[in-house]
Structures are given as C-alpha cells and as structure tokens.
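Participant:
Chains as they are written, first to last, in our numbering: chain A, 1 to 390; chain B, 1 to 390.
Pasting the structure below:
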C-alpha cells in the first residue's frame, strides 16, 4: 500500500506516478474526501498546479492533470573550501538560477565568512529575481567534520569549532539550514547524479587538504562526530620525518596534499604560494610539478588501498583543486591502489576524475538541500513556509 | 500514522504498544472491520494468542489481552569457522532451546560441511522437541565474503566459491535461509544486544584468519561483492618479506593472524599445530606465546588505525579464537591504534573484548535470522509457512 500522507501524495505526483485525482485514489486506496482534502492543501500552498491535459480528447471532458510546481521555491547552496567559495541558487527541478564564486579565507573565521556568504546569497536572489520568502532551504559545505550543524574540531578552520552555522543560516533565511562536510556532499552529488546504480563509492578531494566522502549501501557514511573519511591522517610512511598538523609524522596529508606540494616545489626552488599555483603548473606541463603530483598520487593511492580493503567500493572518484587539475595525480593514485591492494579487492574497481570539475561541491550541497525539501516527511515545514497549516 | 499492514499490526502487539483490539484501532486509525480481519488472520496462524488480563477488574468485562506467541516457531543458526562449527536453535524470544559445537574443516568443501550442518540441525530439533515444520528461518555464518547467499571468492574456503548455500538450506528446511560473512553477523549481534546506542562500531575477529564486521549508522556495511571489512590484506609492513595467500607481502593476515602465530611459534621451536594451541599457550601464560600475541596485536592495531580514520567508530570489539583468549592481543591493539591514529580520531574510542566469548558468531547469525522473521515485511512468508494466506 502506498504512503497516503500529505508528503506521500505530493511525491506520487512529483514522480509522475499519479496525474489525476482518480490516480491518487487508485494508488493510495484513500477515500475521495481524503484525497480532495490532501490535494486542496497542496494546491493552496502552490506546491501543485492544475492544467488541462494537452492532446486530442477521446470524448468527454478530460480531467485536469496535476503537476508539481518546481518554481514554488528555491534552495541556496554554498561550497566553502580553505581558499575559495562557490554559491548558487537552484529551483526545485535542480536548475541553476544564479551562481558565482570568489576567493575567501576560511581561516578568517565564521563571522567574516558567513557574513560574506549571506550577502552573496542576497545578491544571487536579486539576480535570480527571487525573494527571501522563496527560500525553502539553505545548505553549506565546509572543509572539516560537522556534527549537528556545527563544525566539530575542524583542523583547518580556526575559530569555527562548535560555531552554530546551521542556526545562524536558518535564522537569517527563515528556512531549514543543512551543514555538511564538503567531501560528503561531493560524494552524494556524484552518486545521485552520475552513479545511482553503484552502492559503494569513495570521493577523494585532493586540495589544500585531503579528505574522502564515502557512500556505502547507497547512503552517506558519517561516523562518530562526523569524522568518517578523514583519510588525511592515515599513516602513509613510517620513514618520513615530516610533521603533520595532527601532531603525527608521515600522514598522507603532510606528504600528498596541495599544501605539501607547495612546500615540495618551494624546496625545489620553484616560486609557488598556493595549491592553485601548483595546479596551474601541473596543467601547464611543468616537469617538476608533474613529478610531485604523480608522487603525491602514489602516496595517496597506497593509503586508498586501505580504504578499499575497509569499504570495498567499486568506484573511486577524484576531485578537488589538485585532483581536478591533474591527470598525474589520478595516474599516481591508480598505481598506488593497484599495487598495494589485494587482487580480489581491485578486480572490479575503477578510479576516475569527477565529471563536475570545480562545481562538484556546490552540486553536492544543492543535492542535499533538494533531497531535504522534497522528502515527504518534511512537507509540513514546506507548507508552514508557505503560510499554510497541514 | 502507524503502519496498518498485517506486519505492522503484528509488530505493534509484539512490542507491547497495543494490547487489545481497541488499542490497535486507536494506534493505527484502521476501521473496526479491518482490525478484526487482521487479528483474525494472526490468531489463526498462531502468531498471536489471547489471554484474559490478570489482576483485579475495575468493573465490566476486561477485554482479552493479545500477546505475541514466541513459541510459534524457531530459527536455526550455525557459525562456521575455518576449524570449528557452533550450532543452535532459538525461539522467537531469542531463547536458546538447544546448542552444540564441534571441530570441522571448512576446507572439506560445502558438500561435506553442509551435510554435517544439516544433520546436526536435525539432531538439535529432536533435542529441543521441535519439528522441521517449526523452522521459520535458518542462518549460517561463514569465514569469507558472501554475495546473494553464496560465498564469493572466499580465500580460505576452497570449493565454496559460488556454491548455492542459501538455496540448499532453504530447500532442506523449507524456510528462508540467510548466509552472512561471519564477522558481519558478529558485529550485528554485538550491536543489537550490547551496544544499540552506538551508531558506529567495528568487530575484529582474530582467529586462523583476520576480518572485521563494520556497523555504520546503525547498519551493517557490506561493500561491493560483500568484501567490506576485509582488513587482513591491509599492508602492515613495507619491510616484511612474508608472502600472503593473496600474493602480496606484508599483509596484516600474514603477520598477525592465528596461522601467522602458529608459524612464528613453530620457528621459535615451540610445538604448535593450530590457532587453538597458540591460544591455549597464551592463556597459560607462556612468555614466548604472549610476546608474539602482543606483537600481533600491535601490527593489527596499526592497521586498525587506518580503519578508524575511514569509519570513525567509537568502539572496537575484539573477538575470535585468539582475540578472545588473549588480553595481550587486545593490549597490543590498543597500543597500535592509539600510537598510529590521530588524537582527534581516538579521543572517544574504546577497544574492548567481546562479551559473548566464543558464542559471538552463533548469537550473531541467530540475530540475523530473528530480525528477518520478525520484519513486518516478511509476515506473508511467515503465514505461508503456517499454511495460511494473508
């Protein structure tokens, strides 16, 4: 029996499994009066629209077709990295209405950064000709662990620990706010858009830092205190003396991240200051930068061999400022994984670059926001936002 | 609104959330006639029993109380290791009706081993004074990956690859058969019985081989082709020349498993043939055996540090023939994990021995079988087994 709740009825129509009042009665088994009441609420809220069906009539008056109104509201999505931010507005069909990106410094702390995010969201709303009242959810990705809407001891986000990010955004825009570790959102976006048939995948972000988002059994794995996938601190080398920010030596992050490559190139006498500089050199084919990118990939691949043993994914997707830029990084990862993992673990494993390039983060958080808004369990919140009681 | 299906109604009563017909109507919102029909089917099938309520009446006739009949059927559970098997019969309250264990050799192949399992199940049924018709499910744990009820390229189970274990058992006992990697069942059993409030935990089995069962977000993580948690082939040492069965060198399994310890003690001039021999020596306080057990724990702990980075569990439970026996193994694991993992990853982490000792496997598969039988979605199968159509 189909879920006959208000949210269940909305989903039926949104997914095209019911087009008319009669369809809804047939599929749910609800009485005519209950169906009329449910549809009345959804129509009044503007979540559904009625339109006369197109095409020639086969006799009699055609019943009005019900469709989901994808323009009824928008979601705001922001992907924050260590050194950049990308923001976008989406309608409920997942269409981008406005988008922008700019450099930022996450280390400036939550007051500075969130003030900027909120102003940019307001500007994008103007650009898209939508009002704050249209905002049905906001979602924000940050480069560190998140628990209950707050960053949880994030290593590269000074000043953000336990800051009430979700509370602040939901107050400002009067709608639910979701805060997620950036790599989790990236993994979710890739899974839902490109690989829905793959139950187990790992998204690896190689940027200033290194992290992984993991989908297992089709769902995000978050772990205790939101720390699952924190692969930057897997011990990659027992010989290395390089000291990591975590206090250990030989971590993947200190050997293979963007900031590690900046240091390595600097030591080799090449003038680079940021991960972006390194990525640009690799893209331009600089041999020293290419060598270090490939070597970083190998180190990361050896650590990913352990991830493969634990998670048994059939796909590893590589993204992030360095991962994107850099076929050498991906080639190195393949080499490291296939060398270190067992034959059985890798016989069905693919390692690919992200298809979303630098947009993967914002696509991911938008996916999170849209899934939240369209979840049948959240229809009451959606109605309240439209000023209507269920 | 509560699920008003037949399975939903059964669950309401089983969980004590409804005691009478009126309760069922109140909680589900179903009409009197529908409730009478649902309860009629469940009573006829013997899944429910009616009994006059105890205690003094406060006037008027007391309505009959409905209770779930936990004696309506049984489940059969078998935990097979490389060198032993443990079997048990449970009623639907999770009470053991009969149990036994015996040495076996998984390497004898499925025909020999399953013939033995089936005979033992029949003997246990006689002992428990139950008939084959009472069997509502069977569940069997095996020491290797499983996919769709069949072992999937299991390294230490020659002859078992792709053998239709579930089909054979379900045919023999006329009830659904579940086949699961043993460590997955162990993790599930520990989680459901002792740690239901912990969302993320890892069960590590240290026996002839090494493997882990992982609970993430409260659910079992199975991975591609059932290979998640196959941590025995994480590279523990880049210096070791020991060749693993997987074809690589320096794997955890070749350095820290029971069979590795047998070889190490043998090389040290101590006469041992099996993991059980080593475990007995450690239990007896033999210093050389204790030294090797502790060192094996350290190696395993270093590999588990990577597992901790990936999964972010708050609990690691150690079991298996060596893990059980051996406080030195657990102490070594603690040392390795806390040394190699990052401070943030381990600040809420505990490492404990299993409370079920050598029964953890059979408890785990029984848990699996009971959850399957009692799942509201499977009530139709349960009724069919009792000769009644829903």
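Every residue gets a Cβ at the ideal spot worked out from N, C-alpha and C, and that includes glycine. No experiment lies behind these values; they were computed from the predicted model shown.
Is it a yes or a no for the region 267-278 of chain B touching the region 162-179 of chain B, going by three-plus beta-carbon pairs under 8 Å?
Facilitator: No contact exists between the region 267-278 of chain B and the region 162-179 of chain B.
Participant: What residues match up with residue 10 of chain B in a beta bridge as DSSP calls it?
Facilitator: Here residue 10 of chain B is taken as the residue at index 10 of the second chain, counted from 1. Residue 10 of chain B is not bridged to any residue.
Participant: Give the range of the alpha helix (DSSP H) segment to which residue 338 of chain A is assigned.
Facilitator: In the first chain, residue 338 of chain A corresponds to position 338, counting from 1. Its alpha helix (DSSP H) spans residues 327-340.
Participant: Counting only the same chain and skipping the five closest in sequence on each side, list residues whose C-beta sits under 8 Å from that of residue 142 of chain A.
Facilitator: Looking up residue 142 of chain A in the first chain gives position 142. Within the same chain, residue 142 of chain A has close Cβ partners 80, 106, 151, 154, 157, 160, 165, 179, 180, 181, 182.
Participant: Where residue 132 of chain A and residue 145 of chain A are concerned, what is the direct C-alpha to C-alpha distance, given to the nearest angstrom?
Facilitator: Reading the first chain from its first residue, position 132 is the one you call residue 132 of chain A. Reading the first chain from its first residue, position 145 is the one you call residue 145 of chain A. Rounded to the nearest angstrom, the two C-alpha atoms are 29 Å apart.
Participant: Taking a cut of 9 Å between CB atoms, which residues from the region 15-45 of chain B lie near chain A?
Facilitator: If the cut-off is 9 Å between Cβ atoms, the region 15-45 of chain B has nothing near chain A.
Participant: Mind listing the chain B neighbours of residue 51 of chain A? Cutoff is C-beta to C-beta under 9 Å, in chain order.
Facilitator: For the purposes of this step, residue 51 of chain A is taken as the residue at position 51 of the first chain. Correct list: empty, because the minimum Cβ distance to chain B is about 31 Å.
Participant: Okay, do the region 290-301 of chain B and the region 314-333 of chain B touch, 3+ Cβ pairs below 8 Å being the bar?
Facilitator: Contact holds: three or more Cβ-Cβ distances are below 8 Å.
Participant: Kindly list, in the order they appear in chain A, the residues whose Cβ is closer than 7 Å to that of residue 340 of chain B.
Facilitator: Taking the second chain and counting its residues from 1, the one referred to as residue 340 of chain B is at position 340. Ordered by position in chain A, the residues that pass the 7 Å Cβ test against residue 340 of chain B are 235.
Participant: Name, in chain order, the residues that DSSP records as bridge partners for residue 101 of chain B.
Facilitator: Position 101 of the second chain holds residue 101 of chain B. Paired residue(s): B:86.
Participant: Which residues in chain B sit within 8 Å of residue 348 of chain A, going by Cβ to Cβ distance?
Facilitator: In the first chain, residue 348 of chain A corresponds to position 348, counting from 1. Going along chain B in sequence order, the residues near residue 348 of chain A (Cβ under 8 Å) are 224, 225.
Participant: Go ahead and label residue 233 of chain A buried or exposed: buried means 16 or more other beta carbons lie within 10 angstroms of its beta carbon, across all protein chains shown.
Facilitator: Working through the first chain from its first residue, we reach residue 233 of chain A at position 233. Per the 10 Å Cβ criterion, buried.
Participant: For a cutoff of 8 Å on Cβ pairs, would you count residue 172 of chain B as touching chain A?
Facilitator: Translated into positions along the second chain, residue 172 of chain B becomes position 172. No, no contact with chain A.
Participant: In angstroms, rounded to a whole number, what distance separates the CA positions of residue 236 of chain A and residue 111 of chain A?
Facilitator: The residue you call residue 236 of chain A lines up with position 236 of the first chain. The residue you call residue 111 of chain A lines up with position 111 of the first chain. Those two C-alpha atoms are separated by around 36 Å.
Participant: Excluding sequence positions up to five away, which residues of its chain have a Cβ less than 6 Å from the Cβ of residue 350 of chain B?
Facilitator: Working through the second chain from its first residue, we reach residue 350 of chain B at position 350. Hits under 6 Å: 315.
Participant: Are residue 223 of chain B and residue 34 of chain A close, meaning C-beta to C-beta below 8 Å?
Facilitator: Within the second chain, residue 223 of chain B is the residue found at index 223, counting from 1. Within the first chain, residue 34 of chain A is the residue found at index 34, counting from 1. Not closer than 8 Å, so no.
Participant: Can you give the Cα-Cα distance for residue 282 of chain A and residue 246 of chain A, rounded to whole angstroms?
Facilitator: Within the first chain, numbered from 1, the residue matching residue 282 of chain A stands at position 282. Within the first chain, numbered from 1, the residue matching residue 246 of chain A stands at position 246. Looking at the two C-alpha atoms, the distance is approximately 28 Å.
Participant: Rounded to whole angstroms, what is the Cα-Cα separation between residue 251 of chain B and residue 193 of chain B?
Facilitator: Looking up residue 251 of chain B in the second chain gives position 251. Looking up residue 193 of chain B in the second chain gives position 193. So the alpha carbons of these two residues sit roughly 32 Å apart.
Participant: Under 6 Å Cβ to Cβ from residue 340 of chain A, same chain only, skipping five residues before and after it: list those, please.
Facilitator: Locating residue 340 of chain A in the first chain gives position 340, where the first residue counts as 1. Only 302, 305 meet the Cβ criterion.
Participant: For residue 392 of chain A, which residues in the same chain have their Cβ closer than 7 Å to its Cβ, ignoring the five residues on either side in sequence?
Facilitator: In the structure displayed, chain A extends from 1 to 390; residue 392 of chain A sits before or after that span and is not available.
Participant: Check residue 19 of chain A in the structure and name its three-state DSSP category.
Facilitator: As a first step, residue 19 of chain A must be located in the first chain, where it is residue number 19. Of the three classes helix, strand and coil, the one that applies to residue 19 of chain A here is coil, per DSSP.
Participant: Verify whether the separation of the beta carbon atoms of residue 185 of chain A and residue 365 of chain A is less than 8 Å.
Facilitator: To locate residue 185 of chain A, count along the first chain from 1; it is residue 185. To locate residue 365 of chain A, count along the first chain from 1; it is residue 365. Yes, they are a contact pair.
Participant: Can you list the residues of chain B that residue 210 of chain A reaches, using a CB-CB cut of under 9 Å?
Facilitator: Counted from its first residue, the first chain places residue 210 of chain A at position 210. Ordered by position in chain B, no residue passes the 9 Å Cβ test against residue 210 of chain A, which lies about 11 Å from the chain.
Participant: Classify residue 151 of chain A as helix, strand or coil using the three-state DSSP reduction.
Facilitator: Here the question's residue 151 of chain A lines up with position 151 in the first chain. In this structure, residue 151 of chain A counts as strand in the three-state DSSP scheme.
Participant: Would you kindly work out how many angstroms separate the C-alpha atoms of residue 379 of chain B and residue 130 of chain B, rounded to a whole number?
Facilitator: Counted from its first residue, the second chain places residue 379 of chain B at position 379. Counted from its first residue, the second chain places residue 130 of chain B at position 130. So the two alpha carbons sit approximately 21 Å from each other.
Participant: If you drop the 5 nearest sequence neighbours on each side, which residues of the same chain put their C-beta closer than 6 Å to that of residue 381 of chain B?
Facilitator: Residue mapping note: residue 381 of chain B aligns to position 381 of the second chain, counting from 1. So no residue of the chain qualifies.
Participant: Would you kindly check if the distance between the Cβ of residue 309 of chain A and the Cβ of residue 214 of chain B is under 8 Å?
Facilitator: The residue labelled residue 214 of chain B in the question sits at position 214 within the second chain. The residue labelled residue 309 of chain A in the question sits at position 309 within the first chain. Going by C-beta atoms, residue 214 of chain B is not nearer than 8 Å to residue 309 of chain A.
Participant: Please state if the CB of residue 324 of chain B and the CB of residue 377 of chain B are separated by a distance shorter than 8 Å.
Facilitator: Walking along the second chain from the start, residue 377 of chain B turns up at place 377. Walking along the second chain from the start, residue 324 of chain B turns up at place 324. Cβ distance not < 8 Å, so residue 377 of chain B and residue 324 of chain B don't count as in contact.
Participant: Nearest-angstrom Cα distance between residue 348 of chain A and residue 31 of chain A?
Facilitator: Your numbering for residue 348 of chain A matches position 348 in the first chain. Your numbering for residue 31 of chain A matches position 31 in the first chain. Taking the straight line joining both Cα atoms gives about 50 Å.
Participant: For the alpha helix (DSSP H) containing residue 319 of chain A, name the first residue and the last one.
Facilitator: Here residue 319 of chain A refers to the residue found at position 319 when the first chain is read from its first residue. It is not in any alpha helix (DSSP H) - residue 319 of chain A instead sits in the beta strand (DSSP E) that spans 315-319.
Participant: Does the CB of residue 248 of chain B have a neighbour CB from chain A at under 8 Å?
Facilitator: By 1-based counting over the second chain, the position of residue 248 of chain B is 248. At least one chain A Cβ lies under 8 Å of residue 248 of chain B.
Participant: Quick one: what does DSSP say residue 134 of chain A is sitting in, helix, strand or coil?
Facilitator: Counting from 1 along the first chain, the entry for residue 134 of chain A is found at position 134. If DSSP states are grouped into helix, strand and coil, residue 134 of chain A belongs with the helices.
Participant: Any beta carbon from chain B within less than 8 Å of residue 231 of chain A's own beta carbon?
Facilitator: Residue mapping note: residue 231 of chain A aligns to position 231 of the first chain, counting from 1. It does; some Cβ of chain B falls within 8 Å.
Participant: If you draw a straight line from the alpha carbon of residue 227 of chain A to that of residue 274 of chain B, how long is it in whole angstroms?
Facilitator: Working through the first chain from its first residue, we reach residue 227 of chain A at position 227. Working through the second chain from its first residue, we reach residue 274 of chain B at position 274. Using only the alpha carbons, I get a separation of about 39 Å.
Participant: What did DSSP end up calling residue 71 of chain B once you bin it into helix, strand or coil?
Facilitator: In the second chain, the residue the question calls residue 71 of chain B occupies position 71. It is coil, neither helix nor strand.
Participant: Out of curiosity, what's the CA-to-CA distance linking residue 320 of chain A and residue 212 of chain A?
Facilitator: In the first chain, residue 320 of chain A corresponds to position 320, counting from 1. In the first chain, residue 212 of chain A corresponds to position 212, counting from 1. Near 11 Å, if we compare the C-alpha coordinates of residue 212 of chain A and residue 320 of chain A.
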